[in-house]
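Under this note's numbering, read the sequence shown as residues 19 to 568, first letter to last.
Quick reminder that beta carbons are idealized off the backbone N, C-alpha and C, glycines included.
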Amino acid sequence: MTMFCDQCQETNHNIGCEIRGICGKDPVIASLQDYLLYALKGLAFYGVRARALGIVDAHTDVFVAQALFATLTNVNFDQERLAQLIRETFVRRDQLRARIPPQLDAPAMATCLMPADSIEAYVAHSDTIAARATHHPDPDIQSLRELLTYGLKGLAAYCDHAYVLDRCDASLMAFLQEGLLATTNDGATVEELIALALHCGQQGVTAMTLLDEANTSRFGHPEPTSVNLGVDPTAPGILISGHDLLDLYDLLEQTAGTGINVYTHGEMLPAHAYPVFKQYPHLVGNYGGAWWEQQRQFESFNGPILMTTNCMQKPRESYIDRIFTTGMVGWEGVPHIADRQPGQQKDFRPLIERARTCAPPIELESGQITVGFAHTTVLGAADQVLAALQSGALRRFVVMAGCDGRQKERSYYTNVAQALPKDTIILTAGCAKYRYNKLNLGTLGGLPRVLDAGQCNDCYSLVKVALALTEAVGAESVNDLPISYDIAWYEQKAVLVLLSLLALGVKGIRLGPTLPAFLSPNVADFLVKTFDIKPIDTVANDIAAMLSGV
Ligand code: FSO
Ligand code: SF4
């Protein structure tokens, strides 16, 4: 069996994973995910047609977002779970189909059904029909279809994060299905697909705004906070990873008074800055670094681990009996904490029981790092920032947001952060920060030189800061500010963030460690010419160029 996947930055030889994913995705999981995507496009056909007739199924809208989320990099590796999602796609599609007049032009993906209903049948169908039906012979059209699809996946993930906190936007839900359907339109031109990809970016801004409101209205506005990197050697802990702050809330509530500590990992680090989470003294610190270091770090953590979203790696034997998934995350054989029932919390008792049998974590490091520089904090210090810019004490901001990954070339980002002159400030968000957030780069005008806005979706904060500064200094465009963008990408949320920046008119972004494999030469050329996107170069060349505003 073979597979083909090129959706993330670590794809094999920057071409595609064909035998097994670098991420651990095997051909069966790849086929099931491809088939789920194919089936979702069929569901989208009826979703779009029904919506045009005023028929909206809100549960199905959310289901589409969640099922798409399951196909993101490092989310779901569970065959049975993916097969269930495929089955549910068919059921929901047929329910919608029954509510509207017959659609004589329905494509094959809108009518397919596997009577055998087995994983093997889905895989066979995926490999023979789904792959062919969604692949376009024109490399530019195919490239743009992929760009749009991966942007939609990122959008779906952020929609789900907001939905968990009771925020849903009908236009976002509609666009997820319109976008999916557009990727099946053989008549779509290059220009139309580019416009759709940029529209996807605009929707990304809406989704990140919605999620920011959801997080801040529920947990308060992040404020500058020192986070402990060490451990409490006297008590066992539970480690929570991923992006889902409501899961953290439920876990903290249920562990309060039990003598069990809670630690954040990876993208959960920014939680420490939210006022609501500061009320829990047993949220003692952050353990470890970015997602790709998890296997070694989960081993030494000793206690249970909860994966709330991406990025999950293959669990090692040493901790497979103490890792749990929840939400859209899945790994075969790993216990899954079920969704919350209306008005109730998720039930984290299995983790709490397991923690009681575990030793305290082994300390990996000590000290503190500072988080909590989202838009409210940075704009609260706007006068200070403007004064520093006007006096020349602050020469430039460098946005170094995005993702981290395991490729050694990513040491570029550590080296850039280290080599940037002391009159610059780094704005960061996402797990990319782990390449430089423990370097102790000092302060400038009372602010840390690494301002951490939060998770990857909190890139929204960076955009908000840039737009407010544009207005404050009376600049014509965001591109006239002394801000450079040196973005690291890995998975599809980052594709959406990139499209969002482009939709907002940001130009001159450096993107690395490699440009996406799914960009055809012509599409890459278009992005370079239109948006001045550049691949990263050497540290010295890039710093010199950024400081001169190029
Ligand atoms: Fe990182 Fe993974 Fe947040 Fe991504 S943990 S790589 S862009 O899933 O989502 O930044
Ligand atoms: Fe390869 Fe990335 Fe796809 Fe995994 S998600 S199979 S590493 S391209």
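Residue burial classification, residue i (beta-carbon count within 10 angstroms, cutoff 16)
i             : result
aspartate 470 : buried
lysine 43     : buried
serine 161    : buried
valine 109    : exposed
histidine 31  : exposed
glutamine 473 : buried
glutamine 408 : exposed
valine 568    : exposed
lysine 426    : exposed
leucine 114   : buried
glutamine 313 : exposed
arginine 372  : buried
arginine 334  : exposed
histidine 261 : buried
Residue i in three-state terms, based on DSSP
i              : result
valine 468     : strand
tyrosine 292   : coil
asparagine 559 : helix
tyrosine 508   : coil
valine 141     : helix
threonine 344  : strand
threonine 461  : strand
asparagine 455 : coil
glycine 238    : coil
asparagine 320 : coil
histidine 354  : strand
leucine 301    : strand
glutamate 381  : coil
valine 80      : helix
glycine 65     : helix
leucine 412    : coil
leucine 103    : helix
serine 161     : helix
proline 120    : coil
glutamine 51   : helix
alanine 274    : coil
glutamine 436  : helix
serine 566     : coil
cysteine 474   : helix
isoleucine 212 : helix
Identity of the residues DSSP links to residue i by a beta bridge
i                : result
valine 417       : Leu445 and Tyr503
lysine 552       : Arg528
glutamine 386    : Asn246
cysteine 23      : Cys35
isoleucine 256   : Val280
tryptophan 310   : DSSP output for tryptophan 310 lists no bridge partner at all.
phenylalanine 95 : Trp349
methionine 325   : Ser259 and Thr343
Own chain partners of residue i with C-beta closer than 7 angstroms, once the 5 adjacent residues on each side are dropped
i           : result
glycine 423 : Gln27, Glu28, Trp310 and Tyr508
alanine 101 : Leu50, Ile137 and Tyr140
glycine 277 : Ala253
glycine 34  : Phe22, Cys23, Asp24 and Ala535
valine 389  : Thr243, Val245, Leu287, Pro288, His290, Ala291 and Asp470
leucine 182 : Contrary to the premise, residue 182 reads as valine rather than leucine in this sequence. These residues qualify, in order along the chain: Asp262 and Leu264.
proline 378 : Val249, Asp250, Pro251, Thr252, Ala253, Pro254, Gly255 and Asn320
Close-in-space but distant-in-sequence residues of the same chain around residue i (CB under 6 angstroms, 5 per side omitted)
i              : result
glutamine 454  : Note on residue identity: the sequence assigns tyrosine, not glutamine, to residue 454. Same-chain partners within the cutoff: Thr432 and Ala435.
tyrosine 452   : Gly307, Ala308 and Asp422
valine 483     : His393 and Val396
alanine 569    : Nothing about residue 569 can be reported from this structure: the residues present for the chain run from 19 to 568 only.
tyrosine 168   : Gln25, Gln510 and Val513
threonine 207  : none
asparagine 540 : Asp158
isoleucine 380 : Ser318
leucine 228    : Ala180, Arg185 and Asp187
proline 500    : Arg414
alanine 356    : none
proline 466    : Thr388
Spatial neighbours of residue i in its chain, beta-carbon cut-off 8 angstroms, leaving aside the 5 residues before and after
i              : result
threonine 224  : Asp187, Ser189 and Leu190
isoleucine 338 : Gly351 and Val352
leucine 54     : Ala85, Ala88, Thr89, Leu100, Leu103, Ile104 and Thr107
alanine 406    : Leu412, Leu462 and Gly463
aspartate 135  : Arg105
is_contact[residue i, chain D] using C-beta, thresh 8 angstroms
i            : result
threonine 20 : Absence of chain D from the displayed structure is noted, only one protein chain being present.
Any non-hydrogen atom of ligand 4 closer than 7 angstroms to residue i Cβ
i           : result
alanine 512 : With respect to small molecules bound, the structure shown includes ligand 1 and ligand 2 and not ligand 4.
**Item:** Under 6 angstroms, CB to nearest heavy atom of ligand 2: contacting residues
**Value:** Residues with their Cβ less than 6 angstroms from any non-hydrogen atom of ligand 2, running along the chain, are Cys23, Asp24, Gln25, Cys26, Glu28, Thr29, Cys35, Gly39, Ile40, Cys41, Lys43 and Thr91.
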